[in-house]
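These notes are about the structure you will find just below.
Chains as they are written, first to last, in our numbering: chain A, 1 to 322; chain B, 1 to 298.
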C-alpha cells in the first residue's frame, strides 16, 4: 500500500435546480455543498451518511456521470473537469462503478458474456472475440461465477451472483479506482459478507482503490481503511477507521455509531438519539448545518460554518467544539 | 469469523438457478388466452394461404366464365361467382397475398420510422422531443383515412402509394409508444451503468434501450396490421388503391357494390374475410399485450 494520493477532491459542489418556472425565485437542492477529501492508492475510503446526504451524488460526480458545478477532481494529478468528452473515455477505464441494485444495473436482455464483453468492445475495439471471451472467463472465475453461466441472462441469477457479475464488469477494464455505491445494501447479510470478502481479495490481487459508499456502518467498518461522514452535502468528519469507531469526535458521528445495534444487550453504552428530521437540502440551516439536531449546539453554531480542522495525524473534524 | 466464511464460500458451489427458456415461458402464458390462440392459428392459415394460395385455387381467379355470371354459392363455386363469372373463393385466396403484403409492409415501414423517431425523441428530450411530438400531434389531428386519401391524392393511386400512405399514419402512434417506453427505460440503472462503462449514446440507445421496447413494438405492430388492412381495403374500395381488376379484397368489394341488392355474396364473402382477418390481428395483439406488456393493459 503506497501513500500516493490517487484521487483528490477539492471543494466540489453540485446544486440541482428545483423550480422550473421563470417567475419563481430559483431554488437549488444543495446535494453536494463543497466537499474535499483525498483517497490514497490502494486504500478503501468509506463514505457514510443518512439517505439524501449526497453520498451517491459524490460518487457520480467523481465518475463523471454528473458534472460538478465548481471544484476539482484530481485523478492521478490530472483535473478531470478540464477533460473533453473524448479524453474522458481514457479515464473511464481507470475508474468504474458498482451500483446498489444488482437487479437493475444489468441490462435484462443481454447475456452475461455480452454484458462483460461490452466494456472491452468499447475500449479495445481491436481485441478479437476469442481474446475477449478468455478475459471474461478468467475474471468471472475470480469473481466466483463459473463459465458455465456465460450464456445466461441476468434474471436467471440470484442477487449475490448478479453483484458478482457487476463486480466482474467493473474490473474487466483493470481500473485503479472502484466506486462502490451501496454495493452490498440490497443483499442478505450472509451474502454481504461473501461479496465484501470477494472485494477485499480482489483489492489485494489487483491493487485496487475503493470508494465505498454506504449507509451501513458495520459494513463500512469491515471494509474501510479511512471513513468520511457526510451530513447534508458536507463532510463533517474524516478519520482512520480505528479513530472513528473508537473515538468519534463529531456529535453526529457519535449518534450514528450509537445507532449500530449491539449483539450484547448487557453492555451499557452512551445513547445519543437525534431529534427531528434531516433538514431539507434545498433550504439548509445556517451556520453548522447540524445545529438544529445537535444535542451540544452552542450559539456560535447557528452563525458560523465550522471549518474542517486536523485534530491529529489521522482525524479531521468540522465542529465548533474542537 | 469473516475469514472462515471466506474459505467456505470460495469452495461452495454456486446454486444452480433453473434455466428458463424465454420463448417457452412466453408460450406457456400465451396458450391460456384462447381467443388470441385461435387468432394466431387463423393468422398462420392466412400466411400459409399467402405462400401456397395460387397453387391450390380450384379455378383460375382471372379467367372469366360468361356462362356462369353472378351465380349464388353452390358446391362447384363455394362462394359463388362474380359479374364476370370468376370464382370468388379463388379470388379471395389469391387476394390474400396482395392484401396482406400491402398492409404488413405499410405497418412495417411505419414501425421502423416511428420507432427511430420515438427513440430519438425519448432519449434526447428537450427541443428534439418537442419538435417530433408536435409533428406527431399534427398527424394525429387528421382522421387516419382522410390523411391517407390526401397522401394518395398527392402521390397518385397505386399499391406503392397506398403503402406509403398507410405507413404515414402509423408513424405517430409508434413514435409515441416507443417514446414512452424510452422515457421509462432511460432512467433505469443499467443505462447509467452502461454510461459509466463508457458506452456511446448510439450504443446505449441501440443495445440497451431499444431491446427493452421490442415487446411493446410487437404488440402494437400486430394490432396496427388489423387497422392497416382495413385502411388499405378502404382505399382500394374508394378506387385509390390496388388495380380494380386485381383480386385485392378491398378492390373486390369496390367492384361488386353495384350488385349489392341482387347478389349479396359478391360483397359478403370479401367483407367477411376482411372482418375476420382484422378481428384476428386485433385479438392476437390483445393476447400478446397481456403476456408481453401487462402494464399497459387497462
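In this text, a Cβ means the ideal position worked out from N, Cα and C, and glycines have one as well.
If the five residues before and after residue 287 of chain B are omitted, its C-beta is found closer than 8 Å to the C-beta atoms of 30, 33, 35, 36, 37, 39, 40, all from its own chain and listed in chain order. Put simply, the backbone Cα of residue 268 of chain B is about 11 Å away from that of residue 259 of chain B.
Here the stretch 180-188 of chain A makes contact with the stretch 202-212 of chain A; the two share three or more CB pairs at distances below 8 Å. The stretch 247-265 of chain B and the stretch 104-113 of chain B do not touch, with fewer than 3 CB-CB distances between them shorter than 8 Å. Legend: CB atoms of the stretch 77-89 of chain B lying less than 8 Å from CB atoms of chain A are not found in any residue. By the neighbour-count definition (other C-beta atoms within 10 Å, threshold 16), residue 241 of chain B is a buried residue.
Here the alpha carbon of residue 291 of chain B sits roughly 15 Å from the alpha carbon of residue 221 of chain B. Residue pairing by DSSP puts residue 47 of chain A in a beta bridge opposite A/213, A/228.
Interface criterion met: the Cβ of residue 123 of chain A is under 8 Å from a Cβ in chain B.
By the C-beta density criterion, residue 260 of chain A is exposed, having fewer than 16 other C-beta atoms within 10 angstroms. Listed along chain A are 65, each with a C-beta nearer than 8 Å to that of residue 195 of chain B. Here residue 321 of chain A carries a coil assignment [DSSP, helix/strand/coil]. In the three-state reduction of the DSSP assignment, residue 275 of chain B falls in the helix class, which pools H, G and I. Taken in chain order, the unbroken stretches of alpha helix (DSSP H) that lie wholly in the stretch 295-319 of chain A and span 4 residues or more are 299-303.
Chain A places a beta carbon closer than 8 Å to that of residue 190 of chain B, counting this residue as a contact. For the stretch 197-225 of chain B, the beta-carbon criterion of a distance under 9 Å to any beta-carbon of chain A is satisfied by 197, 198, 199, 200, 203, 207, 208, 211, 212, 214. Among the residues of the stretch 124-138 of chain A, none has a Cβ less than 8 Å away from any Cβ of chain B. Judged by their CB atoms, residue 42 of chain A and residue 220 of chain A are not nearer to each other than the 8 Å cut-off.
Bridge pairing for residue 206 of chain A: absent [DSSP]. Inter-segment contact for the stretch 58-67 of chain B and the stretch 82-93 of chain B is present: three or more beta-carbon pairs are separated by less than 8 Å. Between residue 13 of chain A and residue 69 of chain A, the CB-CB gap stays under 8 Å. Neighbourhood of residue 99 of chain A in chain B, by CB distance below 9 Å: 189, 190, 192, 193, 196, in chain order. Beta-bridge pairing by DSSP links residue 95 of chain A to A/177. When rounded, the separation of the alpha-carbon atoms in residue 207 of chain A and residue 196 of chain A is 16 Å.
In the displayed model, residue 289 of chain A falls within coil according to three-state DSSP, outside both helix and strand. Sixteen is the threshold: since fewer than 16 other Cβ atoms of the shown chains lie within 10 Å of the Cβ of residue 51 of chain B, the residue is exposed. When Cβ pairs closer than 8 Å are counted between the two stretches, the stretch 91-108 of chain A is seen to touch the stretch 149-165 of chain A, the count reaching three or more. For the options A/146, A/39, A/143, A/150, the alpha carbon positioned closest to that of residue 113 of chain A is the one of A/150.
Among the residues facing chain B, residue 262 of chain A is not included, as its CB has no counterpart in that chain under 8 Å away.
Excluding its 5 nearest sequence neighbours in each direction, residue 226 of chain A has C-beta neighbours in its own chain below 6 Å: 45, 240, listed in chain order.
For residue 267 of chain A, the secondary structure class from DSSP, reduced to helix, strand or coil, is coil.
With at least 16 other beta carbons inside 10 angstroms of its own, residue 250 of chain A counts as buried. Taking a 10 Å sphere around the C-beta of residue 76 of chain B, we find fewer than 16 other C-beta atoms and assign the residue as exposed. Separation of residue 83 of chain A and residue 170 of chain A (C-alpha to C-alpha, rounded to the nearest whole angstrom) is 22 Å.
Taking C-beta atoms as the reference points, residue 201 of chain A and residue 289 of chain A fail to come closer than 8 Å. By the Cβ neighbour-count rule, residue 172 of chain B is buried, with 16 or more other Cβ atoms within 10 Å of its own.
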